Amino acid sequence: MKRLLNVHEAPIIIFTIAVFLLFSVISPDFFQLDNIKLILDQNISMFIVAIGMTMVILLGGMDLSVGSVLAVTATSVGLFLGQGIHPWIAALMGIGIGVLCGMVNGYFIAVRKIPDIIVTLATMYIFRGIAVGISGGTWMTNFPEGFRFFGQGQLLGISFPLLIAVVLIAVFVYLLKFTRSGRKIYAIGGNGSAAKLAGISAAKSKFMVYVLTGLLVGIASVIFASKVGSVQASTAGNSLSFEVMAAVLIGGGSIFGGVGTVAGTMLGVLFMGIIKNGLIISKVSPFWVDATTGFLIILAIVINTLQRIRQNKGKEGDLI
Amino acid sequence: MKKVALTLMTGVLALGLAACGANGSQPNVGGDANQGSSTDARTYFMNPKSIGPAYWAAAEKGAKRAADDLNVEVLFNAPTEADSSKQINMIQDMLTRKVDGIGVSPNDAKAVGPVFKKAAGQDVKIVTWDSDAPETDRQYYVAPATDQEVGELLARTIGEEIGGSGKVAFMVAGLGSQNQIAKSDAAKAYFAANYPDIEVVTTVASDDDQQKAYANAQNLIKTYPELRGIIGFAGGEPPAAAEVVEQAVKAGTLEKNQIAITGIAVPSVVKNYIKNGTIKTDIIWDPGKLAYATVYILDQLAQGKEITDGMEIPTVGAVKVDGQNVFIGTLEVTADNVDSFDF
Amino acid sequence: MSQPVLTMEGISKEFPGVKALSGVNFELFPGEVHALMGENGAGKSTLMKILSGVYAPTQGTIRLKGKETSFRSPLDAQRQGVSIIHQEFNLFTNLSAAENIFIDRPEMVGRFGRIQWSKLYNEAQRLVDSIGGGEIDVRREVRHLGVHSQQVVEIAKALSFQADVLIMDEPSAALPENEVKKMFDVVNRLRAQGVAIVYVSHRMKEIFEIADKVTVLRDGVKIDTRSIEDVTEQSLIQMMVGKEVHRLYPVRDQEPGEETVLKVDRLSLDSAHAVSFELRKGEILGLFGVPGSGSHTVAERLFGLKRGTGDILINGKAARINSPGDAKARKIAYVPPDRHRQGIIKPMSIRQNLSLPMLPQLSKGLVLDRGRIRRMSEEYMEKLRIKAPSDEQSVDFLSGGNQQKVVIGKWLASKPEILILEEPTRGVDVGAKAEIYNIIHRLAREGLSILLISSEMPEVIGLSDRILVLYKGEIVHEFAHGEADQEQLLQRASHPRLEGGIL
Amino acid sequence: MSAWLSGFSLKSNKLLVQLVLLLFILVLFSILSPYFLSVANFMNVLNQMVEVGLIAIPMTMIIISGAMDLSVGSILAFSAVSMGVAYQQGVNIWVSVGIGLLAGLLCGAVNGYLIARHRMQAIVVTIGMLVMLRGLVYVINEGRPISGFPDAFYFLGQQYIGGIPFNAIFLVAMFLLASFVMKKTRFSTYVYGIGNNEEVVRYSGISVVRVRFILFMLSGLFSAIAGVFLVSRLASAEATSGTNIELDVITATLIGGTHIFGGRGSLAGTFVGLLIIVFLRNGLNLLGVSVLYQAVILGALLLLAAGNKKFNGE
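Shown next, in the form of structure tokens:
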């Protein structure tokens, strides 16, 4: 038990379980296989985007533009489909556009060395403008039947998007935990100057991370478009960046970089998803939903902070 | 302190410049601003709630067509989000441009009061469309019908479809949006009066976010297994509800036709759902015609002409004028006529 | 002996306006421990930085195993077999000890780019064990390790590169005495394996214990290289400081007063340890302890940076000190050990730094009194002889000594009664050191009570009226004026109980 | 000589760059649009920039101190609606205003308590507050706009004095007052000091907690004042007011040359940055440029400004 408590994600695990139990008691509809599937299903794009945001935050940065990138890619996919392009090719092209957006961010951040927050604030405006511009103000909708597969299809009896998310999570857990590239991200975020001394190029890693984030957002947007069935360029992914950042930080990440895991982030997303779903299932007045969500986010952060303090106290040895 | 002084000086300088500029350019502008005379460059500002949604894009087309037909200039613009204060800033900017009339779909009926008063003071014609701002200086309100009528129509549609009893949920774009509140209140009142066995279980809001609307609909059918109907009060809600219901039916968690859906949505967006029967009836009006009528009325006003009941507006047809309200009428979209709409 | 593994010839290094090294020759043979000595500012650190690939020399050649070479970066130097262990850790505190040792190393990567964690952990544990760090779990994150364990990780990291040449910069500074012994064991083992070690330290005793040769630098010039048998402590000091040796510590010509200004009673350092002592008016009380003894915590407690239990009496009155603000109100001033992090705000001017603690007193109501601030700042610039063209210059451009004087000056302006000085001359050159010592003396003579916390033994011995020795959170010995020498002091601070009967 | 110039002198150079940019925008739009260069239009713009401007004052200070407050928009709405509800309950309008301001202070205090006292990450806490307060706004009045305030109250946001909008005069007065504080008082030294090196300020016997707390209280207060002015200008208190205003405020601050990592920046710069974005918007509106392109232009400008700063700074 004590070992368990020392796991970095311990507080959020416990808190998530507590909230889960609370909802299960309040509403009999909550703790059901169907509903759990539903929660996962509703948050697929969040899960995927949050992987990218985890890496960005590990490097000590933040990406405010993910929502706008989602809008650009989803709109492009819609346009391609409207041109009668095969769904798979349209999806791949859309993902390519996501990568391109990531490269734009990466270029300004890693090469031109402009602070992340400024670049992504700017590209947030720019990409959103482009998205609405190319959409011509109309909705992307009436997608061909073949495109539905990405958001609603089944493979081996499992939801296809869920499968994609699981694969991506596995790949990135592996990447961050087991490869040099992944460990470099932790090293740079943990101690930039020591990383430099060890010959690690922060610029390369940063560029790569923003490109990968673009890729992930691209994938998420294809699933998003297919699942929701329609894309409105002006509002798609509007509050995505804040929500995803909150999820990463709730999952134990630190805004100063170097700390956080994909697993923790996924818990963070799950936590937010459970709250949103649970509040509605529990038939809470709609006016209270946002207020309660915000309160629980703050509570989660408070708990995280307490854990950090507790861990620092447990430092080995001397008086210093 | 030096820097502040420097800044202020620049400001003063700029204002000075502005003052000179204003004097210099007055003769030019003055000509345009003269009311009513039949100069060929009459300019109107058409201001929807926001830019982006398909509904307003369709309206823009109608406004542009009116501009061509009437040989006037129409500027069509709004903030990217349905934000009252940004909308008003934009109207103020346009008043500076000395347009001859403004057609506004206010995000907040009360908040446009002051800017309308100012416009009226400049003898700019004011017409609200799609959403009204009563008790302001607006001259006419152009709408398909009143919010109350639309709300009642939606309630009646769903009431008939589900046979007069059962649970119904409302999906709105924003909990704070005036026209959404008015319509949903009217629908509730209609149920209370005509279908006492219908219970409105909840109202969920998407904040105009498609994904959130989608998640809301998912949560609704999950939370209320015996739900019989959903009314979507804004363009994004019915397709989200239909998508979710269709997927649930496909997955076998919901019986076909268990949940009836109706609402306000552009036909092109819900075409597929209407064709395969997920939505039986969709209430809409042609936003293009609405905008066309608005520009037409503005132009009539600017030329000092009368607005009369039953007057014929080209491409729109005869309109009903009731006091200061102009109604172009609503349309019911069903599987039979869905292909006949071009918006 | 065989061929030298490393030869440096005619090494010079110039920075804009400063010649840090001129024409230094240096030879290093396999299997020798070569001590590099010199006062701060003598050029030691520049030479080390050239050797480890941080700087390129302006002139001169480096030959490694007979071949002329150059180091493009620290990593390049490491790959060529020259590793350095810095005094300040370069660790990723968010990563495990093992990963720190083998960060970004291709040899730990297996198929599919997979890092071989078990191999990595095993190798790391083996390395750490081999230098007496057996109690360290290399899977733990470094931020959970204590300072000395972190140092062991640093050493293991350097060793992991199969180093031919190992530079150790003040390796014992952070280690407790028993660890120093273990570290010597490692050094001896490495020497036996033929690794050449450059050992940089101020600690005479260690030099004589471990080194084979010693090279002394002064003012960027090499004075001499000698075999350790050919030198004594006295002659080494002579070589290092030149003729200034006698004037470094001014003669104490006044006795401290009788009245007790500060009385500390059972002041807790952590849950298990507490200290009690008294400080008299005009007294310089030295507080000495090896790192980890708690001397730093004493300062933190007195200045309200850390809370705990126990009584603090100032002029006989109980004082509650829960924040630095409380301490300041009780006329306690604190010159912290790390001036870059705790002492000066670099982009700000000397004047702004000097006036920072005193701004409430230098304001008329809410508005700053520019005139008084300028006069105050100019007064202390002059009093402390801070060398700068103007007090509106940013402190970033000052030398270490002058920066330190700014930190002292900003507290003197508050007219404190008790001044806590911690490592007042760290990273300060000899000339400035002497000046700062003079300032300390003058202040004591003017009646200021000073608590001097320092890890430099000569400083503590040379300045203090009394010395308290702290060991693992307890005061274990008190030396009266003139009673202590370096050997005794170190002994008491290292393992007091071996001597028996002190407590 | 140049080496002796401290980092602070760079600031004035930067301000010059921004002033040139502003002037360029003014001249450009004067040429492009015959309607731009007129007193009425300028007064209009002044009237519109007040809310963003008021919040930009504490935001500049907070960013200089190395933190950020993303909850300002929600605080604005919370205060505005609190005031409206109080008035609806029959409370005197000026007392209601007081209640609105108190509500803002309270939100600021919560932020300050968590961030200053418990050293939590400012961005995270304020995102949480952003969501929670916006939710509470809907709880308070179920999302219905509140209007029907007495005419005396509209003075704040709608009255012109000598041809100049009263709220703009108030904004300039606030900027001058804040500039005075950020130049002439010790508070400013503390704020810049914390932004550069928080530890040193703490080790100088100054309560960093108190300074940070005050900053977030100020942020709450000014957001509330902005809310009151907004209600007065629009004659209506809405649940959605102030949504995304934090982005405008931060953009103005950054274009104004304040460094995102703290330690450097000035209110004068923010004021110029504010003028740049409002005149840009106004000019583009007058030209009938769609808001879509406006967003793109604003983003590009931000990148340019930040990139340019790299060039002549650091």
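Chains as they are written, first to last, in our numbering: chain A, 1 to 320; chain B, 1 to 343; chain C, 1 to 503; chain D, 1 to 314.
By construction, the Cβ of each residue, glycine as well, lies at the ideal position given by its N, Cα and C atoms.
Since the structure is predicted, the reported quantities are computational estimates derived from the model, not experimental observations.
**Study point:** Meets three-Cβ-pair contact criterion under 8 angstroms: the stretch 373-381 of chain C and the stretch 404-414 of chain C
**Key:** Counting Cβ pairs under 8 angstroms, three or more are found: they touch.
task: Would you kindly work out how many angstroms separate the C-alpha atoms of Arg-97(B) and Met-49(D), rounded to a whole number?
output: Roughly 18 angstroms separates the two Cα atoms.
Quiz prompt | Val-200(C) versus Ile-84(C), Leu-120(C), Lys-67(C), residue with shortest Cα-Cα distance | solution = The shortest C-alpha separation from Val-200(C) is found at Ile-84(C).
- Task: Give the interface partners of Ser-230(A) over in chain B, defined as CB-CB distance under 7 angstroms, in chain order.
- Result: Within chain B, the C-beta atoms nearer than 7 angstroms to that of Ser-230(A) come from Gln-210, Pro-239, Val-269, in chain order.
task: Measuring only between beta-carbons, confirm whether Arg-134(D) sits less than 8 angstroms from chain A.
output: Yes, its Cβ sits closer than 8 angstroms to a Cβ of chain A.
query: Within 8 angstroms (strictly less), CB to CB, does Val-20(D) reach chain B?
result: Contact with chain B is absent for Val-20(D), since none of that chain's Cβ atoms lies less than 8 angstroms from the residue's Cβ.
Exercise for review: Kindly indicate which residue of Lys-250(B), Gln-211(B), Gly-151(B), Thr-202(B) has the alpha-carbon position closest to the one of Ala-182(B).
Suggested key: The residue with the shortest Cα to Cα distance from Ala-182(B) is Gly-151(B).
Exercise. Please name the residue in Pro-106(B), Ile-230(B), Met-311(B), Lys-275(B) whose C-alpha comes closest to that of Ser-84(B).
Key: Ranking the options by Cα distance to Ser-84(B), first place goes to Pro-106(B).
Checklist entry - Do we get a CB-CB distance below 8 angstroms when we pair Pro-115(A) with the residues of chain D? => result Using beta-carbon distances, Pro-115(A) counts as an interface residue toward chain D, with a partner under 8 angstroms.
Quick one: what's got a C-beta closer than 8 angstroms to Ser-232(D)'s C-beta in the same chain, skipping five residues either side? Within the same chain, Ser-232(D) has close Cβ partners Phe-149, Phe-153, Tyr-154, Phe-155, Leu-156, Gly-157, Gln-158, Asn-167.
**Report entry** Close beta carbons around Leu-200(A), own chain, < 8 angstroms, minus the five adjacent residues each side
**Finding:** According to the sequence as given, residue 200(A) is Ile; it is not Leu. The answer, listed in chain order, is Lys-184, Ala-187, Ile-188.
### Query
With burial defined as no fewer than 16 other Cβ atoms inside 10 Å of the residue's Cβ, what is the status of Phe-161(C): buried or exposed?
Buried: at least 16 other Cβ atoms inside 10 Å.
TODO: Give the residues of chain C in contact with Ile-12(A), contact being defined as C-beta atoms less than 9 angstroms apart.
DONE: Using a Cβ-Cβ cut-off of 9 angstroms, Ile-12(A) is close to nothing in chain C; its nearest Cβ partner there is about 18 angstroms away.
Nearest-angstrom Cα separation, counted from Thr-253(D) out to Val-191(D): Looking at the two C-alpha atoms, the distance is approximately 16 angstroms.
Nearest to Gly-257(C) by alpha carbon, out of Arg-63(C), Ser-449(C), Glu-27(C)?
Ranking Arg-63(C), Ser-449(C), Glu-27(C) by Cα distance to Gly-257(C) puts Ser-449(C) first.
Item to complete: Compare the beta carbon distance of Ala-91(A) and Val-222(A) with 8 angstroms and say whether it is the shorter of the two.
Response: Pairing Ala-91(A) with Val-222(A) gives a Cβ-Cβ distance under 8 angstroms.
**OP:** Return yes when the Cβ of Ile-97(A) is within less than 8 angstroms of the Cβ of Gly-218(A), no when it is not.
**Re:** Yes, Cβ-Cβ distance for Gly-218(A) and Ile-97(A) is below 8 angstroms.
- request: On the DSSP bridge assignment, give the partners of Lys-222(C) in chain order.
  value: Looking at the DSSP assignment, Lys-222(C) forms a beta bridge with Leu-217(C).
**Report entry** Through-space distance from Val-99(A) to Lys-204(A), alpha-carbon basis
**Finding:** Going by the C-alpha atoms only, they are around 15 angstroms apart.
Flag Ser-50(B) as yes if its beta-carbon sits less than 8 angstroms from any beta-carbon of chain E, otherwise no.
-> In the structure shown, chain E cannot be found, because the protein chains are A, B, C and D.
message: Please report the distance separating the alpha-carbon of Asp-34(A) from that of Gly-273(A).
response: Taking the straight line joining both Cα atoms gives about 14 angstroms.
field: Where Tyr-35(D) meets chain B, residues with beta-carbon distance less than 8 angstroms
entry: Result: Val-29, Thr-96, Arg-97, Lys-98.
Contact criterion: CB-CB distance below 8 angstroms. Does Val-291(D) meet it with respect to chain B?
By this cut-off, Val-291(D) is an interface position.
Buried or exposed: which applies to Ser-271(C), given that a residue is buried once 16 or more other Cβ atoms fall within 10 Å of its Cβ? By the neighbour-count criterion, in which 16 or more other beta carbons inside 10 Å mark a residue as buried, Ser-271(C) falls on the exposed side.
Report task. Taking 8 angstroms as the cut-off, decide whether the C-beta atoms of Ser-357(A) and Val-132(A) are in contact. Result -> Nothing about residue 357(A) can be reported from this structure: the residues present for chain A run from 1 to 320 only.
- Query: Using a C-beta to C-beta distance shorter than 9 angstroms, which residues of chain D count as neighbours of Pro-53(B)?
  - Reply: Neighbours of Pro-53(B) on chain D: none; closest Cβ ~13 angstroms, over 9 angstroms.
* Can you tell me whether Gly-317(B) is buried or exposed, with buried defined as 16 or more other CB within 10 angstroms of its CB? -> When all chains shown are included, Gly-317(B) counts as exposed.
Does DSSP classify Phe-102(C) as helix, strand or coil?
Here Phe-102(C) sits in coil by DSSP.
### Task
Please confirm whether Phe-29(C) and Ala-196(C) have their CB atoms less than 8 angstroms apart.
A contact, by the Cβ cut-off of 8 angstroms.
Does Leu-100(A) come within less than 8 angstroms of chain D when only Cβ atoms are used?
For Leu-100(A), the answer is no, since every Cβ of chain D falls outside 8 angstroms of its Cβ.
| Taking the beta strand (DSSP E) that Gln-59(C) falls in, what are its first and last residues? | Counting along the chain, Gln-59(C) sits inside the beta strand (DSSP E) bounded by residues 59-64.
Task: Best match in Ile-284(B), Tyr-224(B), Gly-252(B), Ile-259(B) for proximity to Ile-230(B) [C-alpha to C-alpha] - done: Relative to the Cα of Ile-230(B), the nearest Cα in the group Ile-284(B), Tyr-224(B), Gly-252(B), Ile-259(B) belongs to Ile-259(B).
request  = Give the single residue among Gly-136(A), Trp-88(A), Gly-182(A) whose Cα lies nearest to the Cα of Thr-261(A).
outcome  = Checking every option, the nearest Cα to that of Thr-261(A) belongs to Gly-182(A).
### Task
Specify the secondary structure class of Asp-32(B) as computed by DSSP and reduced to three states.
Low confidence applies here, because Asp-32(B) scores a pLDDT of 37, under 50, leaving its location unreliable and the question unanswered by this model.
query: Quick one: is Ile-63(D) near chain A, going by C-beta distance under 8 angstroms?
result: Judged by the 8 angstroms Cβ criterion, Ile-63(D) is not in contact with chain A.
| message | What are the residues in the stretch 200-231 of chain D lying within 8 angstroms of chain B by C-beta distance? | response | Hits within the stretch, in order: Leu-230.
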